[in-house]
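Protein chains in written order, with this note's numbering: chain A, 527 to 789; chain B, 313 to 549.
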């Protein structure tokens, strides 16, 4: 995989709670009233994962993949959206030195979210298959300890499963840019929360003033593959307020076997 | 010999695009699909140093030298594939996703994809009603040599077919669909196993989306070059 060498994945120590059972705002959760342990209404959360994944992990609902247990889990069409609109909360340490910048990255949110970090609110736009990267440099705590709360909302059109079921249920989910099997298909029963959640990796990345973004590697061939070229294009972002004089280098190492490289 | 350093200035508070001069390789070890040869991978590392600061960022990706071509065969109407100029008989498997509740893990991807390679398959088709698969999925497809046919999020049942006909014009927000498609392409485009982007399952996306996708994903004219010896036409792999 592409590796950002300054990336810290946030995949442990998360808590979750149903939005209707938490009486604090995101600003309060990330300043004066952070949850401190998995005590009701908070529970240990699966991140990356979905709301239903977290509920199954905590045995709040039966595992939908056994027998007819899926029938015992209320469908979002009957419960309403708020029932599967969940808070996810965690803390992380990040202490920056001068001229360093920090991004908070979400590789996949279904379907959109309100992010609160140390009392600051950021809205993540809709769409299951898009990454989000937020420059949080100016809102990190100087002492390095940070409070993060994410309120995740389900897809706009979760639909209703007709009594006869069918491929894609009533097809309402197709109005959103999200995975379509979640209303049920010939190979799977409906997913009750429509896979709402922080379904892919969350990370923080710390860089200097200039950041490398989405390099594109392309190879071209000539003379029956004897002659090849590697074409590399990348975006660079200078977040500082002065012109950055840079040296940009690329190195290609033959990967022999697992982690043995020929340089 | 495969190290290149360039010096440039990046203006304050700005975002620029930079292209290195191409790196030359003589007889590179090529990446081949399962059953056709080795899946040779190179580790490409990009670093950026800033004067009076030091190393500012670095990035790396495993990369495979390969050229994948495919076209619809007039005689059969089927899609024929070539890898590095060699025709390949596609033995493919359907893939929906690892887990219905999206409990995705590298360990599971490794096991599932190695299983496909052990079954002597050489392609996995990611169904449009599932996910744009994740970098961890593609990493193991790179490693075990499974070509990937990746569909975007359109299916016949939900978008314009079925009875009654549903969502004939696809999702409500076409700009959002295209934004997600472009961001997904940027996330996955460097994986050698990625063989084909497909508009949807059993259904063509709405015209505006389909046209935009075809335009965004066409071969960049810059790579349609003729070699100075006019012996061959270089192709974007």
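Cβ coordinates follow ideal geometry from the N, Cα and C atoms, glycine included. In this text, all values refer to a predicted model and were calculated from it rather than measured experimentally.
Per the coordinates, the alpha-carbon of residue 701/A lies some 11 angstroms from the alpha-carbon of residue 472/B.
Residue environment: residue 624/A is assigned as exposed (fewer than 16 neighbouring CB atoms within 10 Å of its CB, all protein chains considered). Within the same chain, 541, 570 come within 7 angstroms of residue 564/A by CB-CB distance, once the 5 residues on both sides are set aside.
Taking residue 690/A as reference, the option from 711/A, 551/A, 566/A with the minimal CA-CA separation is 711/A. Within chain A, the residues 759, 761 have their CB atoms less than 7 angstroms from the CB of residue 329/B, given in chain order. Within the region 716–740 of chain A, 717, 721, 725, 726, 733, 734, 735, 736, 737, 738, 740 place their CB atoms closer than 7 angstroms to a CB of chain B, listed in sequence order. Residues of the region 630–646 of chain A whose Cβ lies closer than 9 angstroms to any Cβ of chain B, in chain order: 633, 634, 636. With a minimum length of 4 residues, the unbroken runs of alpha helix (DSSP H) contained wholly in the region 583–607 of chain A fall at 602–605. Using a CB distance cut-off of 9 angstroms, residue 597/A does not count as an interface residue toward chain B. Rounded to whole angstroms, residue 402/B and residue 558/A show a C-alpha spacing of 59 angstroms. Counting the other CB atoms within 10 Å of its CB gives residue 405/B a total below 16, which places it among the exposed residues.
The beta-carbon separation of residue 470/B and residue 554/A, rounded to 40 angstroms, does not stay under the 8 angstroms limit for a contact. The C-beta distance from residue 704/A to residue 676/A rounds to 18 angstroms, too long to fall under 8 angstroms, and the pair is not in contact.
Taking a Cβ-Cβ cut-off of 7 angstroms, residue 456/B has no neighbours in chain A, whose nearest Cβ is about 13 angstroms from it. Of all residues in the region 553–582 of chain A, the ones placed with a Cβ closer than 9 angstroms to any Cβ belonging to chain B are 572, 574, 575, 576, 578, 579, 582, in chain order.
Beta-carbon to beta-carbon, residue 517/B and residue 449/B are separated by about 22 angstroms, too far to satisfy the 8 angstroms threshold. If you check the CB distance, residue 337/B and residue 316/B do not come in under 9 angstroms. DSSP, reduced to helix, strand and coil, places residue 737/A within a strand of the structure shown. Beta-bridge pairing by DSSP links residue 404/B to 435/B.
Between residue 346/B and the set 413/B, 428/B, 512/B, 496/B, the nearest pair of CA atoms involves 428/B.
Using a CB distance cut-off of 9 angstroms, residue 419/B does not count as an interface residue toward chain A.
Taking the C-beta atoms as reference points, residue 636/A is found nearer than 9 angstroms to residue 723/A. Separation of the CB atoms of residue 409/B and residue 442/B is rounded to 4 angstroms, and the pair is thereby assigned contact status at 8 angstroms. Contacts with chain B at 9 angstroms (Cβ-Cβ) include residue 696/A.
CA-CA distance, residue 662/A to residue 487/B, rounds to 27 angstroms. Cβ atoms of residue 492/B and residue 461/B stay farther apart than 8 angstroms, at about 19 angstroms.
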